[in-house]
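Peer 1: Starting off with a structure, shown below.
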Amino acid sequence: MAAYKNTEELQQVMSELWDKIKADTAMSAELLKAQLVVRFDYKEPKGSITIDSSDGQEIKVYPGECDIKPLVEMSMSADIAHEFWLGKLSVPMAILTGKMIAKGPVNQALALLPAIKPAFAIYPQVYETSSARSSTPV
Amino acid sequence: MMNPFVFHSPTRIIFGEYAASSVVDAVREVGGTKVFFVTDDFLLKSKILEPVLASLAELGAGCTIVFAEVPPDSEIKTVNNAAKIAVDAGCDCVVAVGGGSVLDTAKVANICISMGGHLMEYQGLNNLADRLKPLIAIPTTAGTGSEVSMVAMVKDSVESKKLLFGSRFLAPDVAILDPTLIVSLPPRLTAATGMDAVTHAIESYSSVISSSSFTEALCLQALRFLFDNLERATVDGTDIEARSATLIASTMAGVAFTNSGVGIIHALSHAVGARHNTHHGATNSIFLPYGMDFNKDVAAPRYADMARFLKLDDSGNDEKAAQALIDAVKQLAQRLNLPHRLRDLGVSDFENEQLKELAELAATDASIMFNPREVTNDDLIDIFKRAY
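As given, the protein sequences belong to chains Y and C, one line each in that order.
Here my numbering is used: the first residue of the first sequence is 1, the next is one more, and so on.
Here my numbering is used: the first residue of the second sequence is 1001, the next is one more, and so on.
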């Protein structure tokens, strides 16, 4: 069963998740240190979210279409994103099997992984309690 | 329970003495009519390429456009120049003869030749949506495995870093393994490129999350060929049997690692290579025992498998067998007269800031994702210092 029924659900959960990541001192410090613009593009359902920490001062979150040019773009299905945020996805295997596409300097995308790992603990609750989503057990 | 895996090996491999002299057959089979021929200046001026170019001449006058400007490390501007020349000439097939830098240049140039645009648009992993123009790769080292791999690296000299391109569509359509082309490869390069192949096999076998029975079988046989023949090929380049075995081994290890990933040793080598222009194979050779030592607590069963297959140990004890493999690798590099310290490759002493930068580079290298043991920046700094 698909983790997300529609774009609205997906966008809302990802926005809420990134707002919480932004509010976390440790995670936001790492993201600001990275100083990059990363876009996550989803399919099934379609959606996207752009995270901009390029000025090193503030993390800006832009759900949906956005004019800001990303340095790194990560593309995957919403189900893969769901598995990732649950901490259940093997990123190396997802890359080897083509389930994740990384456009741009891969090393900078990979540098984010340890920084955002603590969000795996936050995501299930965000997913469950999102007002846009019908209940689907994790 | 066995790990899930995907094994993909799209390259048709043709092996034989003087096989490259019939390259035009491979060109015709892939539908090529106008070839973009990529090599380097040294090879072009040597007699090695004469039979290859003679074969391509059968396509007709003006049907082979030669590009021999590839430097020792594949470069952004070289790739862009190559792509422009090929597109302007209307080439529909690429033939690359050379070492890793030549093959990687050809692979990345082929992206731009086939898809248009600038190579930076395609940087990353799994960015290509379709097949490229046919590419025939003929390695003259044994080697990088680039003749079968689904990755290519190009250096950005401005930023002193290596750009990674990875896609199943990057693997060449045909690899021609002709041992007669590597007979004159000097001993030092034979040894260094051979140790690159050894590293591919060991790291691929140790990638516990992504290796499979397919890759493991390839690694074991590759290692057997390399341990039995690399020294022979280094001492006597005309030993065609040894040259054949190392060439095949390098390709086997290439198929393996491109399906399973590598690990910490390649991450360390890429970092040092990007900043200090060291030879990739020689750098791998230096880091190999250190990386294996770091991994051995986790990877001992894997190292033990390889040690037993190579008949290095029959104790039945994994830790003992793992150490036997690490020792064998060190001894092989010594017998090959390869440097065992980074300073011997001309790397200047590391200052603390440099060490931190190198550790950052290595920690974010895609290779490190496949390492069997988690690595911290401090771990990497420690290895850099010890290998210096």
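A virtual CB, placed ideally from N, CA and C, is assigned to each residue, including glycine.
For the beta strand (DSSP E) containing residue 1250(C), list its first residue and its last residue.
Peer 2: Here residue 1250(C) belongs to no beta strand (DSSP E); instead the alpha helix (DSSP H) covers 1240-1260.
Peer 1: Tell me which same chain residues have a C-beta within less than 7 Å of the C-beta of residue 54(Y), skipping the five on either side of it?
Peer 2: 35, 36, 37
Peer 1: I'd like the list of long-range same chain contacts for residue 1012(C), defined as Cβ closer than 6 Å, with 5 residues on each side in sequence excluded.
Peer 2: Taking C-beta separations shorter than 6 Å and ignoring five residues to either side along the sequence, the partners of residue 1012(C) in its chain run 1174, following chain order.
Peer 1: Name, please, each residue of chain C whose Cβ falls closer than 8 Å to the Cβ of residue 104(Y).
Peer 2: Those are 1123, 1124, listed as they occur along chain C.
Peer 1: May I have the straight-line CA-CA distance separating residue 1045(C) from residue 1274(C), to the nearest angstrom?
Peer 2: Looking at the two C-alpha atoms, the distance is approximately 28 Å.
Peer 1: Here's the rule I'm using: 16 or more other beta-carbon atoms within 10 Å means buried, otherwise exposed. How should residue 105(Y) be labelled?
Peer 2: Around the beta-carbon of residue 105(Y), 16 or more other beta-carbon atoms lie within 10 Å, marking it buried.
Peer 1: By DSSP, does residue 1093(C) sit in helix, in strand, or in coil?
Peer 2: In the three-state DSSP reduction, residue 1093(C) falls in the strand class (E or B).
Peer 1: Alpha carbon to alpha carbon, how far is residue 1342(C) from residue 119(Y)?
Peer 2: Rounded to whole angstroms, residue 1342(C) to residue 119(Y) spans 39 Å at the Cα level.
Peer 1: Out of 126(Y), 12(Y), 114(Y), 84(Y), which has the shortest C-alpha to C-alpha gap to residue 62(Y)?
Peer 2: 12(Y)
Peer 1: Note down, in chain order, each residue of its chain lying with its Cβ closer than 6 Å to the Cβ of residue 1292(C), except the 5 sequence neighbours on either side.
Peer 2: 1326
Peer 1: Within the continuous beta strand (DSSP E) that includes residue 1012(C), where are the two ends?
Peer 2: The continuous beta strand (DSSP E) containing residue 1012(C) extends over residues 1012-1015.
Peer 1: Quick check on residue 1036(C): does DSSP put it in helix, strand or coil?
Peer 2: DSSP places residue 1036(C) in strand when its eight states are reduced to three.
Peer 1: First and last residue of the alpha helix (DSSP H) that includes residue 1062(C)?
Peer 2: Where residue 1062(C) is concerned, there is no enclosing alpha helix (DSSP H), given that its DSSP letter is neither H nor E.
Peer 1: Since residue 98(Y) meets chain C, which of its residues come closer than 9 Å, beta carbon to beta carbon?
Peer 2: Within 9 Å Cβ-Cβ: 1006, 1125, 1126, 1167, 1168.
Peer 1: DSSP on residue 1339(C), reduced to helix/strand/coil?
Peer 2: Coil.
Peer 1: Curious, which full-length alpha helix (DSSP H) runs of at least 4 residues does the stretch 1258-1344 of chain C contain?
Peer 2: Qualifying alpha helix (DSSP H) stretches, in chain order: 1264-1276, 1280-1309, 1318-1335.
Peer 1: Just list the residues that DSSP pairs residue 1139(C) with in beta bridges.
Peer 2: 1098(C)
Peer 1: May I have the straight-line CA-CA distance separating residue 1386(C) from residue 1134(C), to the nearest angstrom?
Peer 2: 44 Å
Peer 1: Between residue 1428(C) and residue 93(Y), is the Cβ-Cβ spacing less than 9 Å?
Peer 2: Since the displayed chain C opens at 1001 and closes at 1388, residue 1428(C) lies outside it and no answer follows.
Peer 1: Determine whether the beta carbon atoms of residue 1100(C) and residue 1258(C) lie at a separation below 9 Å.
Peer 2: When the beta-carbon positions are compared, residue 1100(C) and residue 1258(C) stay at least 9 Å from each other.
Peer 1: For my contact list, residue 1269(C) and residue 1284(C) are in at a C-beta cut-off of 8 Å; report their separation, rounded to the angstrom.
Peer 2: 5 Å
Peer 1: For residue 1156(C), which residues does DSSP report across the bridge?
Peer 2: 1161(C)
Peer 1: Using a Cβ cut-off of 9 Å, pull out every chain C residue sitting near residue 6(Y), in sequence order please.
Peer 2: Counting only Cβ-Cβ distances below 9 Å, residue 6(Y) has no contacts in chain C at all, with the closest Cβ about 26 Å away.
Peer 1: When you compare only the Cα positions, how much space is there between residue 1256(C) and residue 1210(C)?
Peer 2: 10 Å
Peer 1: Within the continuous alpha helix (DSSP H) that includes residue 32(Y), where are the two ends?
Peer 2: Taken as a continuous stretch (DSSP letters only), the alpha helix (DSSP H) holding residue 32(Y) covers 25-34.
Peer 1: I'd like the list of long-range same chain contacts for residue 1271(C), defined as Cβ closer than 6 Å, with 5 residues on each side in sequence excluded.
Peer 2: 1358, 1361, 1362
Peer 1: Exposed or buried, which one is residue 1372(C) when buried takes at least 16 other CB atoms within 10 Å?
Peer 2: buried
Peer 1: Got a sec? Which residues, its chain only, sit under 6 Å from residue 128(Y) by beta carbon, not counting five neighbours each side?
Peer 2: Contacts found: none.
Peer 1: Output needed in chain order: residues of the stretch 1361-1377 of chain C with a Cβ under 9 Å from some Cβ in chain Y.
Peer 2: So the list reads 1361, 1363, 1364, 1365, 1366, 1368, 1369, 1370, given in the order they occur along the chain.
Peer 1: In terms of alpha-carbon separation, which member of 43(Y), 39(Y), 83(Y) lies closest to residue 71(Y)?
Peer 2: 39(Y)
Peer 1: I need the DSSP call for residue 101(Y), collapsed to helix, strand or coil.
Peer 2: strand
Peer 1: When the distance is taken between beta carbons, is residue 1040(C) closer than 9 Å to residue 1082(C)?
Peer 2: Cβ distance not < 9 Å, so residue 1082(C) and residue 1040(C) don't count as in contact.
Peer 1: Listed from N- to C-terminal order along the chain, which residues in the stretch 1199-1211 of chain C have their beta-carbon within a distance smaller than 9 Å of any beta-carbon of chain Y?
Peer 2: 1207, 1209, 1210
Peer 1: In the DSSP assignment, what are the bridge partners of residue 41(Y)?
Peer 2: 48(Y), 75(Y)
Peer 1: Counting pairs of Cβ atoms below 8 Å between the stretch 1163-1180 of chain C and the stretch 1101-1121 of chain C, do you hit three or more?
Peer 2: yes
Peer 1: Look at the alpha carbon of residue 1240(C) and the alpha carbon of residue 1026(C), and state the distance between them as a whole number of angstroms.
Peer 2: 23 Å
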